[in-house]
């Protein structure tokens, strides 16, 4: 990012100085507290595998006269106590670095030590170069990885390193909170007045302290310039002058202490969204001559750039002629917009192969992707937009962030937070969202990774936020027709109908591993079943249900004891324990995809037995009626008939609903454990 005009002749950099207040780290390498060494458990969390004793980061900027740009440097030092072998993973640190033609991040000064008590003495093990590895992870990313040596139960480890970068648009996020407890985490950021950042703090914990300050800084250099250059044949004299620019450094200082470990709990889309953290997005910078250059635009400006400035985006998605042999027949065959859109979507999703790269910007002209029959998510969906427009369907690209990539800012257009492209289609008065990267995904459904709350439509007519909540759910209906014998063995059939994402998951598994492997995996997950025959009906029309027909023998759902037989009638899909175990929860409950299960049982009891006890039929729901279950059971001659349905119709619940949902699951689990009791008829 060049922001200093070059002088007529080369200006030699002498120094760039900062007059900052003293910012001494709270810990120093090789200065270990024996209290930490002897610590056997962390009292606030005795079950913790490890605890971060201290994590300190200091980020500052320097100005490179030669390159005419600001650069930043992060210095980090971290100390961790390991309690057991499950905590060993914290002895490995991985740092991702970006590197392309314009941006470079590098790491240096990696140091590390492990401390153990051996024979009553403190033994220090030093991190060696042989324990540091660098690997290329993608076209523009590499990973530096190191593992502290001689780690045991009770070890204290510490490490430090420095990251240098000329990428200043987004500063790497500092995470105060982790999945293990953190005693102390401290982060200091020094920002020159020429750079204005949007500061974004997230998480559900509070900072112990937050302070701001400012101190003077200065840039000094020697400039050399020719005094006479009008006649190059004449002798020339040179003048040298000392130059200096004084400016203000704004300093931000956060401290967090005694943070609980945030586990990756059930029903959390990406738990890192809820860790206490801070990041920065550059919104404006000034040249040294005080010229403003806005970086963070508003959404109308962003949309205009995407549509009219970036050739790989807006112009790349206009209708083209190279695929007319495909789109012309579709346009002539189908008049209904839904059928026409579905035909284009089906062609693109089946014709193109996704290379597994997640991008919101096409990597090349869509003709090249079309000819190669492969591309990233943006290449494929940009082609889909273009072909839909070619058959007169109103289609727009939508930029999103996938679940693994984290949530986007709800107001500001921080474009670097986006990593994926999907398509919005207007059909009558409704909008349909499409992603053509997966061959098994029906029209109108998005892959799980895309269901991350919101995206932004890049459109000249209807720009704006787009709701990414699913239109289908995990929908499964299973009907068992079984006969029970006096030994407690059930035999019969199970017929399952899978709809929505339940069908998509099966098709994907079969597509990846084959049907034989799918059946093997099914059997390994049902070890109490003896499966005699397994048929799968997965029609080519991917919007149709997937049906499974199984002949089974169930061995452990009933137990014969004397004259009694005890039966658990839920022989499949039972929830054994409440997935919401915490006493309370500060962050939302994200199911991502709604769930619905229908369970039907027709059980013939053995001759000579009668029903002694039968569970009570119930119909329960949460106060807002979004989660409910029904349990209806009756006898009909020598048959027991059960209809059990439960569903959660919302994909996202605020934390205020946690207690309701926890109670709902508690009642569901308890109900599914209830037994039917049969009693043998006294023949006398």
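In the working numbering, the protein residues as written are 129 to 812.
Idealized CB from N, CA, C, for every residue including glycine.
No experiment lies behind these values; they were computed from the predicted model shown.
Residue range of the beta strand (DSSP E) that includes residue i
| i | result |
| --- | --- |
| residue 519 | Element bounds for residue 519: n/a, residue is neither H nor E. |
| residue 220 | 220–226 |
| residue 740 | 737–741 |
| residue 325 | 323–330 |
| residue 549 | 548–555 |
Where residue i falls, given that 16 or more other Cβ within 10 Å makes a residue buried
| i | result |
| --- | --- |
| residue 256 | exposed |
| residue 374 | exposed |
| residue 765 | exposed |
| residue 753 | exposed |
| residue 340 | exposed |
| residue 665 | exposed |
| residue 468 | buried |
| residue 590 | exposed |
| residue 250 | exposed |
| residue 676 | buried |
| residue 362 | At residue 362, the pLDDT of 47 sits below 50, so the modelled position is not reliable and the matter cannot be decided from this model. |
| residue 268 | exposed |
| residue 158 | exposed |
| residue 169 | exposed |
Where residue i sits in the DSSP three-state scheme
| i | result |
| --- | --- |
| residue 503 | strand |
| residue 265 | coil |
| residue 435 | helix |
| residue 133 | Note that residue 133 has pLDDT 33, beneath the 50 cutoff, so the model's placement of it is unreliable and the number below is only indicative. If DSSP states are grouped into helix, strand and coil, residue 133 belongs with coil. |
| residue 531 | helix |
| residue 281 | coil |
| residue 445 | helix |
| residue 536 | coil |
| residue 201 | strand |
| residue 512 | helix |
| residue 496 | helix |
| residue 307 | coil |
| residue 429 | helix |
| residue 359 | Bear in mind that the predicted position of residue 359 carries a pLDDT of just 47, short of 50, making it unreliable; the figure below should be weighed with that in mind. Reduced to three states, the DSSP call for residue 359 is coil. |
| residue 765 | coil |
| residue 213 | helix |
| residue 289 | strand |
| residue 639 | helix |
| residue 724 | strand |
| residue 586 | coil |
| residue 374 | strand |
| residue 300 | strand |
| residue 414 | strand |
| residue 672 | coil |
| residue 487 | coil |
| residue 543 | helix |
6 angstroms Cβ shell around residue i - same chain, five flanking residues per side excluded
| i | result |
| --- | --- |
| residue 445 | 510, 513 and 514 |
| residue 298 | 409 and 544 |
| residue 283 | 210, 242 and 244 |
| residue 156 | none |
| residue 485 | 504 |
| residue 371 | 349 and 351 |
| residue 560 | 553 and 572 |
Beta-carbon proximity list for residue i, same chain, < 7 angstroms, skipping 5 on both sides
| i | result |
| --- | --- |
| residue 231 | 294 and 295 |
| residue 783 | 713, 714, 715 and 716 |
| residue 603 | 627, 628, 630 and 724 |
| residue 796 | 703, 757 and 774 |
Delimiting residues of the alpha helix (DSSP H) encompassing residue i
| i | result |
| --- | --- |
| residue 313 | Careful: residue 313 lies outside any alpha helix (DSSP H), inside the beta strand (DSSP E) at 310–320. |
| residue 790 | 786–801 |
| residue 461 | 452–461 |
| residue 479 | 465–479 |
| residue 652 | 643–652 |
Other residues of its chain near residue i: CB distance less than 8 angstroms, five sequence neighbours each side excluded
| i | result |
| --- | --- |
| residue 646 | 634, 637, 638 and 664 |
| residue 707 | 394, 395 and 793 |
| residue 482 | 502, 503, 504, 505, 508, 565 and 566 |
| residue 692 | 740, 805, 806, 807 and 808 |
| residue 441 | 434, 435, 489, 490, 510, 525 and 586 |
Any C-beta of chain C under 8 angstroms from that of residue i
| i | result |
| --- | --- |
| residue 721 | Absent from the structure: chain C. Only one protein chain is present. |
Review point. Which runs of the beta strand (DSSP E) spanning at least 3 residues fall entirely within the region 228–264, listed in chain order?
Key: 233–246, 249–254 and 260–264
Check your understanding: Fully enclosed by the region 588–635, which beta strand (DSSP E) runs are 3 residues long or longer?
Key -> 592–595, 602–612 and 618–628
Exercise for review: Go through the region 155–198 residue by residue and report every complete run of the alpha helix (DSSP H) that reaches 4 residues or more, in order.
Suggested key: 162–166
Check your understanding: Which residue spans inside the region 676–722 form an unbroken beta strand (DSSP E) run of at least 3?
Key -> 686–689 and 692–695
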